[in-house]
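Participant:
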Amino acid sequence: MTNPPFSRRTLLAAGTGLLAAPGLMLRPAAAQAAWPTQPVRMVVPFAAGGPTDVPARLVAEEMSKALPNRVVVENRTGSGVVIGTDTVAKGPQDGSMLLYTTVAHSVTRAMFPSLPFDPIADFTPIALVGQVPVILLVNPSFPAQNLQQFIAELRANPGKYDYASSGQGGAVHLATELFMHAAGGLKANHVPYRGSSAALPDVLSGRVPMIFDIAASALPYVRSGQLRALGISTKARSSLAPQIPTMIEQGVAGYEAYTWHMVMARSGTPAPVIQAVNRAVNAAVNLPHVKERLTGFAMQVVTDSTPDSAAAYLRSEIAVWEPLVRAAGITSG
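Quick note on numbering: the numbering used here labels position 31 of the sequence shown as 144, and the sequence is numbered without any gaps.
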């Protein structure tokens, strides 16, 4: 296969120089004296009951047991993730307000021309909770039994097929566009829906023949045989679905895509507070029942994240997704 115009590796190489910034240098310190007196509000810029909100509430509940104050989830939706994220960007700097966000944070600067915050400068990453891969699903009537046949079909018929997504600029949309570029510039028509639950009925009926969907919602349809899985976006096969080959092993070099969950605070939050929250997040995700539930959401749980590693991961994701969003012409409208 010829070198694709975009891959995760080439996008990272192109973007790292622009986005490089020193990691957080945290010194061990007791957080008690610096801790805010009021309850901690964890802002989730997604609707209640959804695939981001439920893990956030699970983690927040256990964090409350490890911190001096209770952690209360607050859903602030609107303009994608902008309204909720901006609430934290302009909120207190004492640790009394946190942000629980996803890969959507990586593309706000590219998608919104007049963004009221900077996704790097205005935030201090605290901990990466985990990564959720996506799976390429097709209706059984689609004329491809494996990924190479799928690529050949789309290459032979540019623009013929539609693909569904859970929304404009969301993780599913981004993962699909990255795949189209990494597989050599394939062309298909984007049909956005209001969430996977709205999109999947049309894929099941064959009205729209394909979707990249997060593993948690995709796997039940794969196991029931209602949809065919052609590949998963992980680097190595997932223990949740070891029968599904990765895109990489099927010839799409360097292809990885995830939605991820991360806890952040506003920049300027004291280092002792950042450290305390980091310890609380790691303690929560290391609890067997929490890890089991998060794994049930098809999440690859990160049990030892640090503020430094979370910050580095955020920069690497922005370096991947911003150039892709701009090249693909993905906008907020």
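Just so you know, even glycine gets a beta-carbon here, dropped at the ideal spot from N, CA and C.
Label Arg183 either buried or exposed according to how many other C-beta atoms from any shown protein chain fall within 10 Å of its C-beta, with 16 as the threshold for buried.
Facilitator: Answer is exposed; the Cβ neighbour count stays below 16.
Participant: When the Cα atoms are used, what is the spatial distance from Gly308 to Ser278?
Facilitator: In a straight line, the C-alpha of Gly308 is about 7 Å away from that of Ser278.
Participant: Alpha carbon to alpha carbon, what distance is there between Ile264 and Ala295?
Facilitator: About 11 Å.
Participant: Thinking C-alpha only, which one of Ala288, Glu369, His402 and Leu228 is nearest Gly193?
Facilitator: Nearest C-alpha to Gly193: Leu228.
Participant: Using the rule of at least 16 other Cβ atoms within 10 Å of the residue's Cβ for burial, across every protein chain shown, is Ala234 buried or exposed?
Facilitator: Classification for Ala234: exposed.
Participant: Since Glu430 contacts Ala223 with CB under 8 Å, what's their CB separation in whole angstroms?
Facilitator: In fact, because the Cβ distance is near 12 Å, the residues do not count as touching under 8 Å.
Participant: Taking the straight line between their C-alpha atoms, what separation do you get for Thr416 and Ala423?
Facilitator: So the alpha carbons of these two residues sit roughly 12 Å apart.
Participant: Identify whether Leu427 lies in helix, strand or coil by the three-state DSSP scheme.
Facilitator: Here Leu427 sits in helix by DSSP.
Participant: Specify the secondary structure class of Ser278 as computed by DSSP and reduced to three states.
Facilitator: Note: Ser278 maps to strand in three-state DSSP.
Participant: Exposed or buried, which one is Gly243 when buried takes at least 16 other CB atoms within 10 Å?
Facilitator: Buried, by the Cβ-count rule.
Participant: Which residues does DSSP pair with Ile327 in a beta bridge?
Facilitator: DSSP, once it has assigned bridges, lists Val247 as partnering Ile327.
Participant: What residue range does the alpha helix (DSSP H) around Thr200 cover?
Facilitator: From DSSP, the alpha helix (DSSP H) with Thr200 extends over Val195 to Ala202.
Participant: Within 10 angstroms of the Cβ of Asn391, are there 16 or more other Cβ atoms? Answer buried if so, exposed if not.
Facilitator: Buried.
Participant: Kindly identify the DSSP beta-bridge partner or partners of Met377.
Facilitator: Bridge partners of Met377: Leu212 and Pro238.
Participant: Apply the 10 Å Cβ neighbour rule to Asn395 and answer buried if 16 or more other Cβ atoms are within range, or exposed otherwise.
Facilitator: The residue in question, Asn395, is buried, as its Cβ has 16 or more Cβ neighbours within 10 Å.
Participant: Is the distance from the Cβ of Thr359 to the Cβ of Thr372 below 9 Å?
Facilitator: No, these two residues do not count as a Cβ contact at 9 Å.
Participant: Please state whether DSSP places Ala396 in a helix, a strand or coil.
Facilitator: Helix, per DSSP.
Participant: So Val376 and Ile239 are supposed to be a Cβ contact under 8 Å. How far apart are they, rounded?
Facilitator: That pair is a contact at about 5 Å.
Participant: Whose C-beta lies closer than 7 Å to the C-beta of Thr214 among residues of the same chain, with five residues either side of it excluded?
Facilitator: Once the five neighbours on either side are set aside, the close Cβ partners of Thr214 are Pro158, Val194, Thr198, Met375 and Met377.
Participant: Within 10 Å of its beta-carbon, does Gly319 have 16 or more other beta-carbons around it, so buried, or fewer, so exposed?
Facilitator: Classification for Gly319: exposed.
Participant: May I have the straight-line CA-CA distance separating Glu362 from Met176, to the nearest angstrom?
Facilitator: Distance between the alpha carbons of Glu362 and Met176: 38 Å.
Participant: DSSP three-state call for Gln262: helix, strand or coil?
Facilitator: Gln262: helix per DSSP, three-state reduction.
Participant: Glu174 by DSSP, collapsed to three states: which one?
Facilitator: Helix at Glu174.
Participant: On the DSSP bridge list, what partners appear for Gln413?
Facilitator: Bridge partners of Gln413: Gln244.
Participant: Going by the DSSP bridge assignment, what does Met155 pair with across the sheet?
Facilitator: Paired residue(s): Val186 and Leu211.
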